[in-house]
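Enquirer:
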Amino acid sequence: MGLRIHFVVDPHEGHIPGILIIIFYGIAIFCLVALVRASFTDPGRLPENPKIPHGEREFWELCNKCNLMRPKRSHHCSRCGHCVRRMDHHCPWINNCVGEDNHWLFLQLCFYTELLTSYALMFSFCHYYYFLPVKKHNLDLFVFRHELAIMRLAAFMGITMLVGITGLFYTQLIGIITDTTSIEKMSNCCEEISRPRKPWQQTFSEVFGTRWKILWFIPFRQRQPLRVPYHFANHV
Ligand SMILES: [Zn+2]
Ligand SMILES: [Zn+2]
10 MGLRIHFVVD PHEGHIPGIL IIIFYGIAIF CLVALVRASF TDPGRLPENP
60 KIPHGEREFW ELCNKCNLMR PKRSHHCSRC GHCVRRMDHH CPWINNCVGE
110 DNHWLFLQLC FYTELLTSYA LMFSFCHYYY FLPVKKHNLD LFVFRHELAI
160 MRLAAFMGIT MLVGITGLFY TQLIGIITDT TSIEKMSNCC EEISRPRKPW
210 QQTFSEVFGT RWKILWFIPF RQRQPLRVPY HFANHV
């Protein structure tokens with residue numbers, strides 16, 4: 010039992026500075042909070058009777074699947090059965106749509122998964138190439154074999170996750186910089202329609218609901234939509 014706790018909580022037996030271990034668990038907590046909140050936050054579901062602000066009617070349209078009015082750039086998710094404002098995609102990993110109100114949490118989830126996986130891989134490789142040879146003769150064979158198996162499994166999962174999430178995170182970032190959702194990119198709808206090109210700080214601020222860049226990394230907060238002129242923010 011003592012050995013197991015040691016392996017899970019601090020497998021490096023004091024070889025790695027405590028602060029690095031604390032940072033690791035800090036990133037893990039941020040990652041978990043982003044995961045839970047991205048899964049359970051309403052992505053931007055349209056109400057039955059939306060109040061359409063005066064002067065914005067031209068930017069709304071009727072969904073031909075649920076017969077409800079929705080702002081342009083909304084999309085009907087066939088899996089969830091409703092329209093979502095500025096929907097990016099339906100994510101099976103979080104079993105939720107990624108839309109206007111939880112896109113920021115989804116990005117944080119990608120970011121912290123990326124960070125956590127790199128960190129875990131770094132620990133694994135240090136352990137394998139440096140710490141294991143050092144203590145090899147101190148351990149009985151059974152423990153050594155099992156430790157090695159868990160570490161190989163962790164390294165394999167880490168590399169798989171890192172490759173997958175890097176691709177996803179990259180396309181997500183490009184999508185935000187170019188202010189195009191994944192659905193719009195797939196349907197190529199925006200190539201014909203010219204939109205005012207916004208600076209990246211503006212597009213990220215709109216997704217995260219704040220201009221404070223440090224807050225872009227914090228999953229423990231409430232998102233407030235930025236007050237940008239509607240036609241500028243959402244008109245395609
Ligand atoms: Zn709909
Ligand atoms: Zn959905």
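One gets the numbering used here by counting positions in the sequence shown from 1 and adding 9 to each.
Cβ coordinates follow ideal geometry from the N, Cα and C atoms, glycine included.
Which of the three DSSP states, helix, strand or coil, is assigned to residue 170?
Expert: helix
Enquirer: Count the other C-beta atoms from every protein chain shown that fall within 10 angstroms of the C-beta of residue 176, then say buried if there are 16 or more, exposed otherwise.
Expert: exposed
Enquirer: Roughly how many angstroms lie between the CA atoms of residue 235 and residue 94, to the nearest whole one?
Expert: 15 angstroms
Enquirer: Just curious, the alpha helix (DSSP H) that residue 46 is in, first and last residue?
Expert: 27-49
Enquirer: Could you round the C-beta distance between residue 78 and residue 59 to whole angstroms and report it? I think they count as a contact, below 8 angstroms.
Expert: 6 angstroms
Enquirer: Please list, in chain order, all residues with a C-beta atom less than 7 angstroms from at least one heavy atom of ligand 1.
Expert: 72, 74, 75, 77, 79, 85, 91, 92
Enquirer: Only counting the same chain, and skipping five residues up and downstream in sequence, which positions put a Cβ closer than 6 angstroms to that of residue 233?
Expert: 218
Enquirer: Suppose contacts are defined by Cβ-Cβ distances below 8 angstroms. Is residue 120 in contact with residue 178 by that definition?
Expert: yes
Enquirer: Between the Cα of residue 73 and the Cα atoms of 66, 65, 83, which residue gives the shortest distance?
Expert: 83
Enquirer: Quickly, what does DSSP pair residue 216 with across the bridge? List them, please.
Expert: DSSP lists no beta-bridge partner residue for residue 216.
Enquirer: For ligand 2, any of its heavy atoms closer than 7 angstroms to the Cβ of residue 99?
Expert: yes
Enquirer: So, are the CB atoms of residue 213 and residue 117 less than 8 angstroms apart?
Expert: no
Enquirer: Could you name the residues of the same chain whose beta carbon sits closer than 7 angstroms to that of residue 194, not counting the 5 residues immediately before and after it, in chain order?
Expert: 184
Enquirer: Within the chosen definition, does the region 36-53 reach the region 104-112 through at least 3 CB pairs nearer than 8 angstroms?
Expert: yes
Enquirer: Applying the 10 Å Cβ sphere with the 16-neighbour rule, what's the burial state of residue 49?
Expert: exposed
Enquirer: What does a CB cutoff of less than 6 angstroms around residue 222 pick up in its chain, not counting 5 residues either side in sequence?
Expert: none
Enquirer: Would you check whether ligand 2 has a heavy atom nearer than 7 angstroms to the C-beta of residue 119?
Expert: no
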